[in-house]
Amino acid sequence: SRPHHPGAREVFQSLAANWKLVLLGMMLVTMTTVSFYMITAYTPTFGAKVLHISDGQTLVVTLCVGLSNLFWLPVMGSLSDRIGRPPLLIAFTVLALLTAYPMLLWLVSGPSFGRLLTVELWLSFLYGSYNGAMVVSLTELMPREVRASGFSLAYSTATALGGFTPMICTWLIERTGNHAIPGVWLSFAAAIGLTAALITRARSKPA
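In terms of this note's numbering, the sequence shown opens at residue 63 and continues consecutively.
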């Protein structure tokens, strides 16, 4: 056990001194939270209001997404132990950046239960694969003295941003009339995650 347990003041001072790492951590988590809220909380609304798919079918899709998340998170977490975190973080943010909008465009061009399930499972694969590596990467990013507080601050701040995803997607659709526009929001989050992943990889390389 540690001989010294810092008080609240020391923790806040350490967080202030490491604000760049907290910001970097928040950027890493943004991809996770935006994609999570999109494939879970927003799916029923998107399916019913935009695609006009029955509530029962969107519920089945949401259930399948949950099972998919449960599978990919530990699998990709284990893979990241073998090959490292940055390769997975970079690969899956690039995939999200390149495929999110085209997949949504394909979905809204011919809405159906099968297409919704396909798209959501693909996005779940991206989310689970990225997050399996990201959670450990975020832990390793934070200095030992602020590991718990830095992790919590970065994660909670990014979650607050990601939690607005259903509202942002609804607003974007109303403003643009483009039913596939939520894919652009996810691509934006992926770009933030990719930037953070590249910085993290650069930091991890020996000088």
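Positions of the beta carbon are idealized from the N, C-alpha and C atoms, including for glycine. From a predicted model like this one, the values you see are computed outputs, not experimental measurements.
Best match in the options for proximity to residue i [C-alpha to C-alpha]
i	options	result
His114	Leu169, Arg144, Phe154 and Leu160	Leu169
Val91	Trp233, Thr232 and Leu223	Leu223
Ala253	Val181, Leu160 and Gly212	Leu160
Trp81	Met165, Val208, Ala251 and Tyr99	Val208
Thr221	Trp134, Val96 and Met229	Val96
Ser130	Val181, Phe213, Ser214 and Ser199	Val181
Gly109	Ala264, Cys231, Leu85 and Leu260	Cys231
Phe154	Arg144, Thr94, Leu125 and Leu166	Thr94
Val127	Met196, Met229, Val137 and Tyr189	Tyr189
Pro228	Thr120, Leu86 and Tyr104	Tyr104
Val123	Ile261, Leu185 and Pro136	Leu185
Ile261	Arg144, Ser199 and Ser214	Ser199
Distance, residue j Cα to residue i Cα
i	j	result
Gly194	Thr238	34 Å
Ser266	Thr201	14 Å
Ser191	Leu248	15 Å
Arg177	Arg206	45 Å
Trp233	Thr102	18 Å
Ile281	Thr107	Any property of residue 281 remains undetermined from this structure, which presents the chain solely from 63 to 269.
Trp134	Phe187	7 Å
Val246	Ser140	30 Å
Leu203	Gly172	43 Å
Leu157	Ser174	23 Å
Phe226	Phe250	14 Å
Ala210	Ala162	32 Å
Cβ-based neighbour list, residue i, same chain, cut-off 8 Å, excluding 5 preceding and 5 following
i	result
Ile235	Val112, His241, Ile243 and Pro244
With 16 other Cβ atoms within 10 Å as the buried cut-off, status of residue i
i	result
Gly118	exposed
Met100	buried
Ala269	Because the pLDDT of Ala269 is 44, which lies under 50, any placement of that residue in the model is unreliable, and the number read from its coordinates should be weighed accordingly. With fewer than 16 other Cβ atoms within 10 Å, it is exposed.
Gly255	buried
Val84	buried
Pro164	exposed
Own chain residues within Cβ distance below 7 Å of residue i, not counting five before or after
i	result
Thr257	Met89
Ser63	Here the model assigns Ser63 a pLDDT of 44, short of 50, so the residue's position is not dependable, and the following value carries that caveat. Within the same chain, Ser63 has no close Cβ partners at all.
Neighbourhood of residue i by C-beta distance below 6 Å, restricted to the same chain and skipping five residues each side
i	result
Thr219	Met88
Arg263	Pro148
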